[in-house]
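This report refers to the structure that appears directly beneath it.
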Amino acid sequence: MTVVASDDRDRRSLVRDLEAYLIGLRDMYGDYVVVDPEGTVSAARPEPRPEGRGSVAGGAGAPFRSEPPLPNRGLQPVAAGTREPRPEGRGSVAGTAPTCPPGPQQTSFLPSDVPALAAPGLRRVRAAEPGVIDFGPGPDVVRGPCSPEVRAEALRALDEGQVKGCTKCRLSQARTQTVFGVGHPCARVMFVGEGPGAEEDRRGEPFVGRAGALLDRIIAAMNLRRADVYIANTVKCRPPENRTPYPDEMEACAPYLRTQLETVCPQVLVALGRPAAQCLLGVNSSLGELRGRFHRHRGIPVMVTYHPAYLLRNPDAKKATWDDVKLVMRFLAETPDPLLLPTDPSRC
Ligand code: URA
Ligand code: SF4
338 MTVVASDDRD
348 RRSLVRDLEA
358 YLIGLRDMYG
368 DYVVVDPEGT
378 VSAARPEPRP
388 EGRGSVAGGA
398 GAPFRSEPPL
408 PNRGLQPVAA
418 GTREPRPEGR
428 GSVAGTAPTC
438 PPGPQQTSFL
448 PSDVPALAAP
458 GLRRVRAAEP
468 GVIDFGPGPD
478 VVRGPCSPEV
488 RAEALRALDE
498 GQVKGCTKCR
508 LSQARTQTVF
518 GVGHPCARVM
528 FVGEGPGAEE
538 DRRGEPFVGR
548 AGALLDRIIA
558 AMNLRRADVY
568 IANTVKCRPP
578 ENRTPYPDEM
588 EACAPYLRTQ
598 LETVCPQVLV
608 ALGRPAAQCL
618 LGVNSSLGEL
628 RGRFHRHRGI
638 PVMVTYHPAY
648 LLRNPDAKKA
658 TWDDVKLVMR
668 FLAETPDPLL
678 LPTDPSRC
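Numbering-wise, our numbering puts 579 at position 242 of the sequence shown, and it's gapless, one number per residue.
This is how it looks when you write it as structure tokens:
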């Protein structure tokens with residue numbers, strides 16, 4: 338077991354307090370507050386963003402920067418000075434093996450005050466209702482093997498062994514290739530999109546087209562890197578003409594997403610768009626009804642927000658998505674990072 342020196346812990350707790358404070362400031366002042374790698378705060382006018390037809394960065398009040406943030410602008414959930422930098426992303430699989438949380442803390446980062454579908458207006462529906470599949474409910478997700486290498490191997494085995502050759506639904510017929518998922522196998526945040534588009538179908542990776550570029554900016558605005566998060570879709574094959582996946586297609590593909598989720602076991606899920614939200618929450622509500630607060634999927638808090646493709650068409654909705662993203666950032670700042678907790682190899 339790794340023993341963490343108490344001054345290390347004090348330092349981490351100070352850094353967490355500072356992070357929460359900085360996020361609070363940024364909540365109040367938005368882009369006017371710039372958090373630099375040293376953790377100092379300055380008031381600065383955000384640079385003007387290029388306007389233009391189709392410019393996703395230039396929408397009114399667009400909160401997402403058009404360029405990547407400075408490297409580690411200070412709000413990374415990893416406390417500065419407590420760990421070597423991980424240039425390839427969070428606990429890069431190839432890099433130093435991160436620690437796993439000890440037993441009692443394994444579920445403690447799931448807040449007890451997040452209501453489980455308690456908000457008015459939510460309708461839990463039967464699986465048979467058109468437009469909705471019953472992805473859950475299931476038992477709370479428990480953390481799987483905690484080593485990133487083990488999780489990465491489990492994900493690879495699922496992809497290679499089952500998904501790549503899958504013909505369980507009609508979407509297999511027109512695909513170029515399956516699009517499994519990408520990211521850190523121990524990510525704290527998992528984004529769930531709808532289904533691959535043309536570019537994703539061509540390259541075999543989720544969110545690499547125009548919507549993906551916007552998702553990258555959302556991730557950067559969270560002071561995270563793409564390599565820090567995990568990104569998956571409700572279906573692994575491109576629906577023809579980019580149509581919304583049919584319920585039976587999402588249902589056929591759900592076991593893969595379910596295993597991805599159980600393997601990565603993120604601390605928080607972000608459902609991008611209505612199909613992902615319906616898939617994870619089993620409700621038939623509109624996105625407007627669902628967004629803006631946490632729900633739960635098998636014990637994991639779920640934030641529902643607009644799909645980046647929708648934001649490209651409706652830039653005015655970016656403000657709402659930024660509000661949703663800030664709630665996720667606040668949750669992360671207030672929640673222990675399991676990789677920073679001491680290792681208990683007996684639980685791996
Ligand atoms: N839209 C999605 O929902 N997923 C992708 O991977 C790309 C675009
Ligand atoms: Fe299989 Fe999912 Fe592709 Fe359908 S969408 S063929 S279930 S991998």
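Cβ atoms here follow ideal geometry from the backbone N, Cα and C, with glycine treated the same way.
Distance between beta carbons of residue j and residue i, contact taken as under 8 angstroms
i, j, result
"isoleucine 556", "valine 545", "Contact doesn't hold; Cβ gap of about 13 angstroms is too wide."
"proline 533", "asparagine 570", "6 angstroms"
"leucine 314", "proline 576", "Residue 314 lies beyond the residue range present for the chain, which begins at 338 and ends at 685; the question has no answer from this structure."
"arginine 595", "aspartate 477", "Not really, about 13 angstroms apart at Cβ, beyond 8 angstroms."
"alanine 654", "alanine 548", "Not a contact, Cβ separation roughly 13 angstroms."
Beta-bridge pairing of residue i - partner residues as DSSP gives them
i, result
"leucine 606", "Met527, Val639"
"glycine 520", "Tyr567"
"histidine 634", "Ile637"
Within 8 angstroms, strictly: CB atoms of residue i and residue j
i, j, result
"phenylalanine 528", "lysine 573", "no"
"valine 607", "valine 487", "no"
"valine 605", "valine 665", "yes"
"threonine 515", "cysteine 506", "no"
Distance cut-off 7 angstroms: residue i Cβ against heavy atoms of the ligand ZN
i, result
"alanine 569", "With respect to small molecules bound, the structure shown includes the ligand URA and the ligand SF4 and not the ligand ZN."
Inter-residue spacing [alpha-carbon to alpha-carbon] between residue i and residue j
i, j, result
"histidine 632", "aspartate 553", "24 angstroms"
"tyrosine 583", "glutamine 499", "21 angstroms"
"leucine 669", "aspartate 660", "14 angstroms"
"leucine 492", "valine 620", "28 angstroms"
"glutamate 531", "serine 484", "28 angstroms"
"glutamine 648", "aspartate 496", "Strictly speaking, residue 648 in this sequence is leucine, with glutamine absent from that position. Computed Cα separation, rounded: 30 angstroms."
"proline 543", "asparagine 651", "21 angstroms"
"aspartate 373", "asparagine 560", "Model confidence at aspartate 373 stands at a pLDDT of 32, short of 50, so the residue's coordinates are unreliable; what they give is reported in the following sentence. The straight-line gap from Cα to Cα measures roughly 11 angstroms."
"arginine 630", "leucine 551", "22 angstroms"
"alanine 280", "tyrosine 593", "There is no way to answer for residue 280, as the model of the chain reaches only from 338 to 685."
"glycine 541", "threonine 658", "26 angstroms"
"threonine 513", "glutamate 626", "36 angstroms"
"alanine 558", "threonine 672", "19 angstroms"
"leucine 618", "isoleucine 637", "11 angstroms"
"arginine 580", "glycine 610", "13 angstroms"
"lysine 656", "glutamate 578", "29 angstroms"
"alanine 489", "arginine 562", "18 angstroms"
"arginine 628", "serine 622", "10 angstroms"
"lysine 501", "alanine 494", "10 angstroms"
"arginine 667", "isoleucine 568", "20 angstroms"
"alanine 564", "aspartate 674", "16 angstroms"
Count Cβ pairs between the segment 587 to 602 and the segment 638 to 652 that sit closer than 8 angstroms; are there 3 or more? No, the segment 587 to 602 is not in contact with the segment 638 to 652.
Cβ contact (3+ pairs, closer than 8 angstroms) linking the segment 586 to 593 and the segment 519 to 528: The answer is no - the segment 519 to 528 does not touch the segment 586 to 593, with fewer than three Cβ pairs under 8 angstroms.
Assess, as a yes-or-no matter, whether the segment 533 to 543 is touched by the segment 605 to 619 under the definition of 3 or more beta carbon pairs within less than 8 angstroms. Because the criterion of three Cβ pairs below 8 angstroms is not met, the segment 605 to 619 and the segment 533 to 543 do not touch.
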